[in-house]
Amino acid sequence: MTKPLQDKVAIVTGASRGIGAEIARTLAGAGAKVVVNYLGSRKAAEAVCTGIMQSGGESLAVKADVSNSAEMRQLFDAAIERFSCVDILVNNAGVLVSRSIADIRDEEFDRVLNVNIKSVFYALREASTRLADGGRVVSLSSTVTRLMLPNYGAYAASKGAVEQLTRVFAREAGARGITANIVSPGPVNTEMFTTGKSEETIKRMAGMSFAGRIGEPEDIARVVLFLVSDGAGWVTGQNISVSGGVA
Ligand code: NDP
227 MTKPLQDKVA IVTGASRGIG AEIARTLAGA GAKVVVNYLG SRKAAEAVCT
277 GIMQSGGESL AVKADVSNSA EMRQLFDAAI ERFSCVDILV NNAGVLVSRS
327 IADIRDEEFD RVLNVNIKSV FYALREASTR LADGGRVVSL SSTVTRLMLP
377 NYGAYAASKG AVEQLTRVFA REAGARGITA NIVSPGPVNT EMFTTGKSEE
427 TIKRMAGMSF AGRIGEPEDI ARVVLFLVSD GAGWVTGQNI SVSGGVA
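Laid out in C-alpha cells, this is it:
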C-alpha cells in the first residue's frame, strides 16, 4: 500500500531529541525520507536514524548549527545530494532561556534570538529557492506568544518572530503551491520543558490544559504530519495551537 508521504523528502531541524525526534519518526513512518538534523547530540540523532531504518524507512543524520547561514545551506546541500530534493521543511530546533526581563543577560538574549529566529529565517531563505513546488513548511512556535507568562520574554519574542516569518513566507511561496504553517504547542514532556522545573511546577502547568496533563511529543507530531500531507493543501499561513486547550 502506498504511504501518504511516499517519495517525499523531509528536513527536520533539531531532530535528535524531544519533539523533533518524534516528528522525524512520524514522517518516516508515513513514508518520507528524513534528514535528521542535530547539533550536539550525535549519538541520539544516529539512534533516531537507526530506529527509522529498522522500521524500513530511509534517513540521514546531518550535523548543522541552524543559527549559522552557511551550515543551513550545507544542511540543504546534504539533503539534496542524498535524496535529490526537499519537499518538507520542519523548523523545529529551538532553545529556551527562562529568565525575567530584569535578569536575562545579553548573551542569553542573543542566544535565544540567534537560534530561534535566525534558524527559521535561514531555512526559509533556502526553502524559497530549494523547496520543491507543492512543498510544505511547518515552524514550531509556542502558546507562550498568546500568554503573558513571566520569565518567557526573550523566548516569546523569538517565537513571535518565527510566526511572522512563516506567515510572510506562506504568502511569498504560495504561488508555487507551497504551504507554510505554524504549530504552537503548550507544555510538552521533553528536556526543554522539564529541565529545572519542580514536580509541583510541572503539575501546575499540566493543570492549564483541559485534560490536566502536559503534551507528549506524539501529540505534536501527529498534527505536523497532517499539515505536511496532501490533505492539508488548502491550509496555509495558519497558527495551530496544539496544547490541550492551554491557549
Ligand atoms: P529539546 O530541548 O528537547 O530539543 C531541542 C532540539 O533542538 C535538539 O534536538 C537540539 O539538538 C536542537 N537544537 C538546539 N539548538 C540547535 C542548533 N543551533 N542547531 C541545530 N539543532 C539545535 O526541545 P523540544 O523538543 O522541547 O522543542 C522543540 C521545539 O518545540 C522548539 O522549537 C521549542 O521551542 C518548541 N516548543 C517546545 C515546547 C515544550 O514544552 N517542550 C512547548 C512549545 C514549543 P542537539 O541536542 O543535537 O544539540
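According to our numbering, the residues represented by the sequence shown are 227 to 473, in order.
We put the beta carbon where it would ideally sit given N, CA and C, even for glycine.
Query - Interface flag, residue 310 vs chain D, CB-CB below 8 Å - result: Judged by its chain identifiers, the structure shown contains no chain D, having just a single protein chain.
Cβ pair count under 8 Å reaching 3, the stretch 432-448 against the stretch 350-361
no
Residue interval of the alpha helix (DSSP H) (run including residue 376): Note, residue 376: premise wrong, no alpha helix (DSSP H); not H, not E.
* Asked: By DSSP, does residue 231 sit in helix, in strand, or in coil?
  -> coil
query: Going by alpha carbons, who is nearest to residue 411 out of 424, 432, 402 and 405?
result: Residue 411 has its Cα closest to that of 432, out of 424, 432, 402 and 405.
What's the C-alpha gap between residue 301 and residue 423?
-> 33 Å
Measuring only the C-alpha atoms, how far is residue 465 from residue 448? Straight-line spacing of the CA atoms in residue 465 and residue 448 works out to 15 Å.
Quick one: Cα of residue 370 to Cα of residue 377, how far? 10 Å
If I'm right that residue 240 touches residue 319 with Cβ under 8 Å, what's the distance once you round it to whole angstroms? 3 Å
| request: Name the two residues that bound the continuous beta strand (DSSP E) containing residue 404. | output: Taken as a continuous stretch (DSSP letters only), residue 404 belongs to no beta strand (DSSP E), as it is neither H nor E.
Check: Any contact of the stretch 333-340 with the stretch 253-260, i.e. 3+ C-beta pairs under 8 Å?
Finding: no
Secondary structure of residue 259, DSSP reduced to three states: Residue 259: strand per DSSP, three-state reduction.
For residue 264, the residue or residues it bridges with in DSSP: Answer is 289.
Count the other CB atoms, across all protein chains shown, that sit within 10 Å of the CB of residue 425; report buried if there are 16 or more and exposed otherwise.
exposed
Checklist line | Proximity of residue 358 and residue 303 at Cβ, strictly below 8 Å | finding: no
Local Cβ density within 10 Å of residue 395, reported as buried at 16 or more and exposed below that:
buried
**Item:** Cβ separation of residue 436 and residue 470, assumed to be a contact under 8 Å, to the nearest whole Å
**Value:** Indeed, because the Cβ distance is near 6 Å, the residues count as touching under 8 Å.
| field | Reduced DSSP category for residue 388 - H, G, I as helix; E, B as strand; rest coil | value | helix
- For residue 397, is the classification buried or exposed, using 16 other Cβ atoms within 10 angstroms of its Cβ as the cut-off for buried? exposed
Query - Cβ neighbours of residue 356 in the same chain (closer than 8 Å, five flanking residues each side left out) - result: 302, 306 and 312
- Query: Which one or two residues does DSSP pair with residue 453 in a beta bridge?
  - Reply: In the DSSP output, where bridge partners are listed per residue, residue 453 has none listed.
Three-state class that DSSP yields for residue 413 in the structure shown: Annotated three-state conformation of residue 413 is coil, per DSSP.
Fill in: Distance cut-off 7 Å: residue 243 Cβ against heavy atoms of the ligand NDP
yes
- Rounded to the nearest angstrom, how far is the Cβ of residue 451 from that of residue 265, given a contact under 8 Å? Not quite, the Cβ-Cβ distance comes to about 24 Å (not below 8 Å), so this is no contact.
Just grab the DSSP bridge partners of residue 314 for me.
-> 236 and 362
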